[in-house]
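Here is the structure we will look at, set down as structure tokens.
Number of protein chains: 4
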Amino acid sequence: MIIILTASASDRNRRDIIENLEARGFGVHLSEGVEKTVIGVIGAMDEQKAQIAEQFEALPFVERCIPISQPYKLVGRSFRPEGSTVNVRGVVIGGKQAVVMAGPCTVETEAQILESARAVKKAGAHILRGGAYKPSTSPYSFHGHGVDALKMLAAARAETGLPIITEVMDARDLETVCEYADILQIGTRNAQNYTLLRAVGECRTPVMLKRGMSAKLEEWLQAAEYIASGGNYNIMLCERGIRTFETYTRNTFDINAIPALKELTHLPVIADPSHGTGKASLVSAVTRAAVAAGADGVIVEVHPHPEKALKDGAQSLTPAVFDQLMADLRLLAPVVGRSV
Amino acid sequence: MIIILTASASDRNRRDIIENLEARGFGVHLSEGVEKTVIGVIGAMDEQKAQIAEQFEALPFVERCIPISQPYKLVGRSFRPEGSTVNVRGVVIGGKQAVVMAGPCTVETEAQILESARAVKKAGAHILRGGAYKPSTSPYSFHGHGVDALKMLAAARAETGLPIITEVMDARDLETVCEYADILQIGTRNAQNYTLLRAVGECRTPVMLKRGMSAKLEEWLQAAEYIASGGNYNIMLCERGIRTFETYTRNTFDINAIPALKELTHLPVIADPSHGTGKASLVSAVTRAAVAAGADGVIVEVHPHPEKALKDGAQSLTPAVFDQLMADLRLLAPVVGRSV
Amino acid sequence: MIIILTASASDRNRRDIIENLEARGFGVHLSEGVEKTVIGVIGAMDEQKAQIAEQFEALPFVERCIPISQPYKLVGRSFRPEGSTVNVRGVVIGGKQAVVMAGPCTVETEAQILESARAVKKAGAHILRGGAYKPSTSPYSFHGHGVDALKMLAAARAETGLPIITEVMDARDLETVCEYADILQIGTRNAQNYTLLRAVGECRTPVMLKRGMSAKLEEWLQAAEYIASGGNYNIMLCERGIRTFETYTRNTFDINAIPALKELTHLPVIADPSHGTGKASLVSAVTRAAVAAGADGVIVEVHPHPEKALKDGAQSLTPAVFDQLMADLRLLAPVVGRSV
Amino acid sequence: MIIILTASASDRNRRDIIENLEARGFGVHLSEGVEKTVIGVIGAMDEQKAQIAEQFEALPFVERCIPISQPYKLVGRSFRPEGSTVNVRGVVIGGKQAVVMAGPCTVETEAQILESARAVKKAGAHILRGGAYKPSTSPYSFHGHGVDALKMLAAARAETGLPIITEVMDARDLETVCEYADILQIGTRNAQNYTLLRAVGECRTPVMLKRGMSAKLEEWLQAAEYIASGGNYNIMLCERGIRTFETYTRNTFDINAIPALKELTHLPVIADPSHGTGKASLVSAVTRAAVAAGADGVIVEVHPHPEKALKDGAQSLTPAVFDQLMADLRLLAPVVGRSV
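The structure is reproduced here in structure tokens:
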């Protein structure tokens with residue numbers, strides 16, 4: 201941590217700060233420039249640093265405090281430089297294979313999820329997605345069939361062998377969802393719901409943590425640290441687009457985040473071009489882009505009849521378009537040293 | 201709802217859509233222009249509109265669907281054109297008085313919260329704020345003293361008579377918090393935590409709903425509709441700054457939102473310049489601005505010793521600065537037809 | 201300037217950097233922490249700092265370079281701590297009076313600008329605004345009457361005595377515009393048009409520099425530094441709203457910027473609530489807010505017949521509404537130690 | 201164009217609007233719903249639509265006006281559904297080949313640009329980039345060697361045969377730059393400098409128009425329309441990242457924009473991952489992503505000695521890394537039906 205004093209800080213101010221820091225047991229390193237004085241603080245723990253920064257920035261003679269190390273540890277790249285993998289019923293995420301998760305936004309009927317599961321399995325997908333509990337901006341919209349939908353997903357898994365991923369929105373539903381789900385999804389609106397993050401940190405089911413729609417990479421990694429600090433290390437991150445001024449697309453898919461996360465964390469990185477664009481016509485191009493940029497997997501909305509979908513029809517692919525996308529990915533993955 | 205077809209839509213496409221809509225019992229109004237065809241849908245309920253929009257936008261010959269009415273009802277201005285008020289132990293929010301809530305970010309000790317309560321009461325504040333459960337970006341930071349802090353707040357209320365506002369983060373804590381709090385605060389990170397919104401909708405304690413840091417006004421009002429649709433009409437909205445590209449301030453306080461909300465909703469509007477700026481030196485100016493723009497109240501962080509604050513010290517006012525701010529507000533409020 | 205090395209930097213890396221810096225004549229201050237090494241560079245000029253930062257950040261063992269002083273000098277607060285004023289035909293901007301500039305977006309006809317000038321003069325405005333050269337997003341829109349409009353403005357000044365402010369978009373028009381204008385306006389789309397900034401820096405007519413719609417405060421102040429470094433110190437800054445994700449308003453007026461600029465620069469700060477909101481119904485509230493936050497003046501679009509305005513009718517006030525706003529400001533200004 | 205009236209509009213209001221529109225010669229189509237009345241306007245020209253929208257939105261009984269056709273024509277996809285190509289000394293942009301432009305940010309010395317040109321040519325690049333006139337946020341930074349740099353670029357072209365692209369910032373320099381450049385670049389800060397756009401519209405040298413850092417796709421296409429409406433159809437668009445809240449990267453590369461532009465316009469689309477990320481370590485991944493998403497070309501900063509670069513060293517690739525990137529692209533391009 202570095203503390204920069206204002207040009208008007210007095211000798212007395214300087215001495216006060218240094219004495220305060222030394223009294224707390226930190227090493228102090230003073231560097232006096234022509235304009236400004238810089239104080240380096242040595243030996244502070246992360247939680248202490250945040251506290252020091254907050255306290256000291258309130259002082260009128262402190263210009264700012266700059267942390268020089270990352271505010272997350274367990275999920276940082278240096279914790280496992282070789283990268284980590286998550287094993288879901290034999291499907292390895294974060295390894296050589298680029299993993300494809302596909303299926304409808306929402307589980308509507310048993311027939312619909314079975315038809316979807318067969319279609320995505322036939323096209324080559326590895327994991328089935330489908331929403332049982334759905335967050336909706338309006339209280340009057342459809343919110344998912346809940347536990348009934350979980351049972352339909354389990355039936356689709358029984359028939360196709362595809363592991364299933366589904367969203368959990370409420371810590372009180374967690375036990376139920378864990379009975380059925382192979383991967384828990386934390387959605388963008390709950391990306392800083394720390395109560396829920398702590399709860400999934402205490403179970404051992406793998407978790408796919410979506411990015412908050414206005415979360416910086418550093419905040420997202422700290423949200424993942426909540427889960428890891430509970431002892432659940434089976435975490436994947438999912439880039440799903442961020443909120444910007446552009447209105448032509450529903451979100452702006454942050455392609456930079458993929459290689460950036462590969463530098464910052466050892467966790468596998470999944471791309472969600474369906475929400476990242478919000479337009480079916482753009483999904484295939486952005487899916488290819490994500491794999492070319494090094495994503496460990498993708499999650500794509502596929503619906504047998506998008507025009508009848510209860511939710512997110514506008515961004516769902518038909519099985520025929522998804523088939524073509526899988527064919528593209530089979531050619532593309534080897535270019536970046538992967539298979540599909 | 202209006203459906204705009206693409207220039208390439210065929211007569212057959214047009215006929216299909218119209219038949220589909222009529223079969224569902226909606227009125228249809230066709231308007232054929234030189235370039236494009238526009239279809240008006242009459243008689244659809246809100247929840248149907250969202251569904252129609254999603255389904256139809258997935259069709260290749262539909263360019264876009266435009267809702268023409270607001271996606272919220274109970275909190276809309278037209279529901280109570282005269283505006284609504286919330287009565288908190290005799291303090292009326294949304295009436296002639298601009299209400300001032302003040303206190304420390306976090307309840308640290310009984311001595312600290314008592315000293316704070318006395319100071320803000322003496323300066324003229326109407327309600328005491330203080331955090332018992334604190335959301336923190338890092339899992340390693342301080343998260344509040346929980347129920348012990350609630351008891352300290354109650355002690356401060358007993359002594360000063362000030363009603364108290366405090367944040368609730370988890371539906372499982374709701375019963376406990378309601379025992380002590382006069383106003384429940386929903387924080388920015390939980391602004392779209394629909395589980396929590398539904399839960400506070402079912403109790404009758406007044407709620408102050410902060411804006412999500414990247415929530416559009418329409419999304420924010422739909423979040424409020426979640427609470428209202430549960431039967432709890434005692435809702436205030438709190439503008440606390442949005443996330444933008446500017447980094448000099450912690451957030452960008454959206455002053456436009458204050459008069460805009462006054463047009464869109466009957467709910468009282470509170471301003472939080474402490475989080476809206478993140479810098480103590482800017483808080484007084486933005487508080488004055490909020491009252492001048494028509495806010496029904498403000499919530500301001502005041503700490504007897506900001507340099508020792510466990511959280512958010514950088515944005516807390518000292519009691520002396522807060523005193524001066526209250527003096528300014530007493531002069532300013534009458535200019536906009538209010539008292540303080 | 202501070203250089204932070206990565207955890208993996210070797211002793212050799214350290215030595216190389218230090219030797220390079222010393223060879224250039226800079227002082228070097230080394231601070232070795234548990235995790236990372238920090239190097240302070242002493243005695244570098246601003247332009248050298250930017251260059252050092254760019255070069256060194258390209259080295260694999262440098263994590264980042266942090267400038268510790270502001271990248272502008274002439275417009276910085278410390279250059280004139282007491283604040284600067286701009287005198288426009290006797291109207292002093294930046295002094296005790298909050299200055300009001302008002303008029304139509306575009307000069308349409310001599311009758312229109314005369315009617316506007318009389319109306320805003322009668323209501324108490326100090327300066328007349330009106331566009332002769334208009335930037336338009338579409339090439340097919342109206343672009344202003346050019347020099348004819350300048351002459352109409354001059355006629356309105358002759359009759360009312362109000363100094364005039366008008367936009368210049370092209371360095372090639374500068375001489376002509378300077379013949380008529382009392383204040384040159386640089387619009388948001390040209391806020392980083394360095395060619396134009398240099399050109400107005402070389403003349404002596406006062407300049408009002410609008411904020412680029414996605415400019416950080418620091419970038420805006422550097423744009424002002426372009427003008428000042430040419431010798432033209434008669435500069436005002438104009439906050440006119442920034443681009444964010446919110447779509448209900450045309451822009452998000454950054455009220456924080458007003459007190460923030462008062463800390464950072466000595467230049468007078470003007471608020472433009474017409475563009476900052478884009479909606480006539482919000483303009484009065486945000487104008488009051490800006491004055492309450494400490495703005496040195498405001499610029500407001502007023503049109504005698506907004507429904508017939510060629511441009512920006514939706515955000516123009518009628519003379520009657522503007523009259524009421526002026527009455528509000530006369531009450532409000534004294535609260536912040538000003539007159540109108 | 202569609203006009204939506206407020207719920208409170210009277211019969212008289214309705215009649216007034218219809219008469220006004222009919223008097224101007226437009227067709228009118230009235231659709232009365234349960235809550236609101238919608239008026240369709242038929243036969244208005246684009247420039248009239250903008251004017252109608254502005255006038256009518258100022259009326260208190262008009263809720264909003266919605267244009268239903270695109271505000272650009274010459275650059276719209278429907279103008280040339282098969283896509284357009286730009287031929288630069290035999291290099292065809294927008295055709296089967298994904299075109300690679302590479303070179304240093306700034307032309308520093310003849311030796312530097314020659315060394316760069318040889319390196320990128322050897323690696324397989326098709327066009328040489330290099331800045332002669334450089335926009336800089338600070339007035340005290342380096343601004344390019346101007347005409348001397350143009351001559352050095354011409355020397356590099358003479359030796360290697362690579363066509364050259366270079367930025368023009370000022371209409372007054374245009375004639376000079378056109379003498380040397382094969383492609384004119386309009387930078388992000390001048391993306392809405394309409395004076396400059398009109399000027400390059402009048403010459404016939406191909407133009408690469410960068411996206412404004414906060415420009416929506418629609419605004420960007422209107423900027424391109426400025427150039428096309430002057431008669432210069434040799435236009436390429438260059439996505440270079442947009443400004444968002446994320447600070448880890450310099451900009452957020454908008455990968456969605458690539459397939460979105462392919463739907464909206466016939467112009468070739470180039471990607472600039474160097475500015476789009478601002479970090480050399482991310483450039484290769486995002487370049488691959490852009491080609492996988494369907495970009496017609498890329499522009500990449502390559503510097504023989506990035507650690508010595510006068511500008512943008514942090515985002516420049518070394519020749520060795522660029523070599524590897526070209527090898528990747530040669531494998532990747534065929535997957536999307538292209539060669540490199």
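Residue numbers (the working numbering), protein chains in the order written: chain Y, 201 to 540; chain D, 201 to 540; chain W, 201 to 540; chain C, 201 to 540. We put the beta carbon where it would ideally sit given N, CA and C, even for glycine. In this text the structure is predicted, and so the values were computed from the model without any measurement.
Inset, instruction - Assuming Y/G431 and Y/R398 form a contact by the criterion Cβ under 8 Å, report the distance between their Cβ atoms to the nearest whole angstrom. - result: The count along the first sequence starts at 1 and reaches residue 431 of chain Y at position 231. The count along the first sequence starts at 1 and reaches residue 398 of chain Y at position 198. The distance from the Cβ of Y/G431 to that of Y/R398 is about 11 Å, inconsistent with a contact at the 8 Å cut-off.
Inset, instruction - Answer with yes or no whether the minimum CB distance from Y/D390 to chain D is below 9 Å. - result: To locate residue 390 of chain Y, count along the first sequence from 1; it is residue 190. This sequence places Asn at residue 390 of chain Y; Asp is not what is there. So yes, Y/N390 belongs to the interface.
Legend entry - Proximity winner among Y/L482, Y/I499, Y/P534 and Y/R538, relative to D/A258 (alpha-carbon distances): Within the second sequence, the letter at position 58 stands for residue 258 of chain D. Residue Y/L482 is the option with its Cα nearest to D/A258.
Legend entry - Nearest-angstrom Cβ-Cβ length linking D/N451 and D/M408, presumed shorter than 8 Å: Indexing the second sequence from 1 puts residue 451 of chain D at position 251. Indexing the second sequence from 1 puts residue 408 of chain D at position 208. Cβ-Cβ separation between D/N451 and D/M408: approximately 17 Å, too far for a contact (criterion under 8 Å).
Inset, instruction - Identify, in the order they occur along the chain, each residue of the same chain with its Cβ nearer than 6 Å to the Cβ of Y/A325, setting aside the five sequence neighbours on each side. - result: Counting from 1 along the first sequence, the entry for residue 325 of chain Y is found at position 125. V300 and A302, listed in sequence order.
Legend entry - Sequence ranges, beta strand (DSSP E) only - wholly within the region 414–482 of chain Y, length at least 3: Correct list: 435–439 and 469–471.
Legend entry - Per-residue DSSP class, three states only, for W/G401: Here residue 401 of chain W refers to the residue found at position 201 when the third sequence is read from its first residue. Here W/G401 sits in helix by DSSP.
Inset, instruction - Indicate whether W/R488 and D/A492 have their beta-carbon atoms separated by less than 9 Å. - result: Residue 488 of chain W sits at position 288 when you count from the first residue of the third sequence. Residue 492 of chain D sits at position 292 when you count from the first residue of the second sequence. Taking a C-beta distance under 9 Å as the contact criterion, W/R488 and D/A492 qualify as a contact pair.
Inset, instruction - Please go through the same chain and pick out, in chain order, the residues whose beta-carbon is closer than 8 Å to the beta-carbon of D/G243, but skip the five residues on each side of it. - result: Residue 243 of chain D sits at position 43 when you count from the first residue of the second sequence. The beta carbon of D/G243 is closer than 8 Å to those of G225, F226 and G227 in its chain, skipping five residues each way along the sequence.
Inset, instruction - Establish whether the CB of Y/R410 and some CB of chain C are separated by less than 9 Å. - result: Taking the first sequence and counting its residues from 1, the one referred to as residue 410 of chain Y is at position 210. According to the sequence displayed, residue 410 of chain Y carries Lys and not Arg. Closer than 9 Å: no.
Inset, instruction - May I ask which residues mark the beginning and end of the beta strand (DSSP E) holding D/S231? - result: For the purposes of this step, residue 231 of chain D is taken as the residue at position 31 of the second sequence. Where D/S231 is concerned, the enclosing beta strand (DSSP E) stretches over G227 to E232.
Legend entry - 8 Å Cβ cut-off: residues of chain C touching W/Q422: Counted from its first residue, the third sequence places residue 422 of chain W at position 222. Per Cβ cutoff of 8 Å: T337, S338 and P339.
Inset, instruction - Alpha carbon to alpha carbon, how far is W/T206 from Y/K249? Give it in angstroms, no decimals. - result: Locating residue 249 of chain Y in the first sequence gives position 49, counting from the first residue. Locating residue 206 of chain W in the third sequence gives position 6, counting from the first residue. Cα to Cα, Y/K249 sits roughly 19 Å from W/T206.
Legend entry - Beta-ladder partner(s) of D/G276, from DSSP: Residue 276 of chain D sits at position 76 when you count from the first residue of the second sequence. Under DSSP, D/G276 takes part in a beta bridge, and its partners are D/T465.
Inset, instruction - Using a threshold of 9 Å, state whether the C-beta atoms of W/P406 and W/I386 are closer than that. - result: Position 206 of the third sequence, counted from the first residue, corresponds to residue 406 of chain W. Position 186 of the third sequence, counted from the first residue, corresponds to residue 386 of chain W. No, the Cβ-Cβ distance between W/P406 and W/I386 is not below 9 Å.
Legend entry - Inter-stretch contact (C-beta, 8 Å, three-pair minimum) for the region 336–343 of chain D and the region 418–425 of chain Y: The region 336–343 of chain D vs the region 418–425 of chain Y: in contact.
Inset, instruction - Specify the secondary structure class of W/A358 as computed by DSSP and reduced to three states. - result: Within the third sequence, the letter at position 158 stands for residue 358 of chain W. Residue state, collapsed to three classes: helix.
Inset, instruction - Would you please verify whether the beta carbon of W/F445 is less than 9 Å from any beta carbon of chain Y? - result: Here the question's residue 445 of chain W lines up with position 245 in the third sequence. Closer than 9 Å to some Cβ of chain Y, the Cβ of W/F445 qualifies, so yes.
Legend entry - Whole runs of the alpha helix (DSSP H) within the region 311–348 of chain D, excluding any shorter than 4 residues: Within the region 311–348 of chain D, no complete alpha helix (DSSP H) run reaches 4 residues.
Legend entry - Three-pair Cβ contact test at 8 Å for the region 254–268 of chain C versus the region 502–517 of chain W: With the cut-off at 8 Å, the region 254–268 of chain C and the region 502–517 of chain W touch.
Legend entry - N-terminal and C-terminal residue of the beta strand (DSSP E) that C/E501 is part of: The count along the fourth sequence starts at 1 and reaches residue 501 of chain C at position 301. First-last of the beta strand (DSSP E) with C/E501: G497 to E501.
Inset, instruction - Check the Cβ of D/S414 against every Cβ in chain Y and list those closer than 7 Å, keeping chain order. - result: Walking along the second sequence from the start, residue 414 of chain D turns up at place 214. Result: M413, S414 and R443.
Inset, instruction - Check the DSSP bridge columns for W/A302 and list the partner residues they point to. - result: Counted from its first residue, the third sequence places residue 302 of chain W at position 102. Answer is W/L328 and W/V500, bridged to W/A302.
Inset, instruction - Note the first and the last residue of the continuous alpha helix (DSSP H) segment covering Y/V540. - result: Here residue 540 of chain Y corresponds to residue number 340 of the first sequence, with the count starting at 1. For Y/V540, there is no enclosing alpha helix (DSSP H), since its DSSP letter is neither H nor E.
Inset, instruction - Spell out whether any CB of chain W is found under 9 Å from the CB atom of Y/A207. - result: Your numbering for residue 207 of chain Y matches position 7 in the first sequence. It does; some Cβ of chain W falls within 9 Å.
Inset, instruction - Please confirm if C/F201 has its CB atom under 9 Å from at least one CB of chain W. - result: Counted from its first residue, the fourth sequence places residue 201 of chain C at position 1. Just to set this straight, residue 201 of chain C is Met in the shown sequence, not Phe. Not a single C-beta of chain W is nearer than 9 Å to the C-beta of C/M201.
Inset, instruction - Return helix, strand or coil for W/N287, following the three-state DSSP convention. - result: The residue given as residue 287 of chain W occupies position 87 in the third sequence. In the structure shown, W/N287 sits in a strand (DSSP, three-state: E or B).
Legend entry - Sequence ranges, alpha helix (DSSP H) only - wholly within the region 360–394 of chain C, length at least 4: Whole alpha helix (DSSP H) segments, 4+ residues: 374–380.
Legend entry - Beta carbon proximity, Y/R488 to chain C, threshold 9 Å: Along the first sequence, one-based indexing puts residue 488 of chain Y at 288. Chain C, which has a Cβ nearer than 9 Å to the Cβ of Y/R488, makes this yes.
Legend entry - Minimum Cβ-Cβ distance from Y/A533 to chain D less than 9 Å: For the purposes of this step, residue 533 of chain Y is identified with residue 333 of the first sequence, where counting begins at 1. By this cut-off, Y/A533 is not an interface position.
Inset, instruction - On the DSSP bridge assignment, give the partners of W/M408 in chain order. - result: Here residue 408 of chain W corresponds to residue number 208 of the third sequence, with the count starting at 1. Answer is W/Q385 and W/M436.
Inset, instruction - Step through the CB atoms of chain D and report whether any lies within less than 9 Å of the CB of C/I266. - result: Walking along the fourth sequence from the start, residue 266 of chain C turns up at place 66. For C/I266, a Cβ of chain D is located within less than 9 Å of the residue's own Cβ.
Inset, instruction - For Y/I204, return the contacting residues in chain W, with the cut-off set at a CB-CB distance below 8 Å. - result: To locate residue 204 of chain Y, count along the first sequence from 1; it is residue 4. The answer, in chain order, is I268.
Legend entry - Unbroken alpha helix (DSSP H) run spanning D/V521, endpoints: Sequence index remark: in the second sequence, residue 521 of chain D carries index 321 (1-based). Residue range P519 to L532 is occupied by the alpha helix (DSSP H) that includes D/V521.
Inset, instruction - Can you check DSSP and say which residues form a bridge with D/R264? - result: If you number the second sequence from 1, residue 264 of chain D lands on position 64. DSSP lists D/I204 as the bridge partner or partners of D/R264.
Inset, instruction - Measure from the C-beta of W/S278 to each C-beta in chain Y and report whether the shortest distance is under 9 Å. - result: The sequence position of residue 278 of chain W within the third sequence is 78, counting from 1. Using a CB distance cut-off of 9 Å, W/S278 counts as an interface residue toward chain Y.
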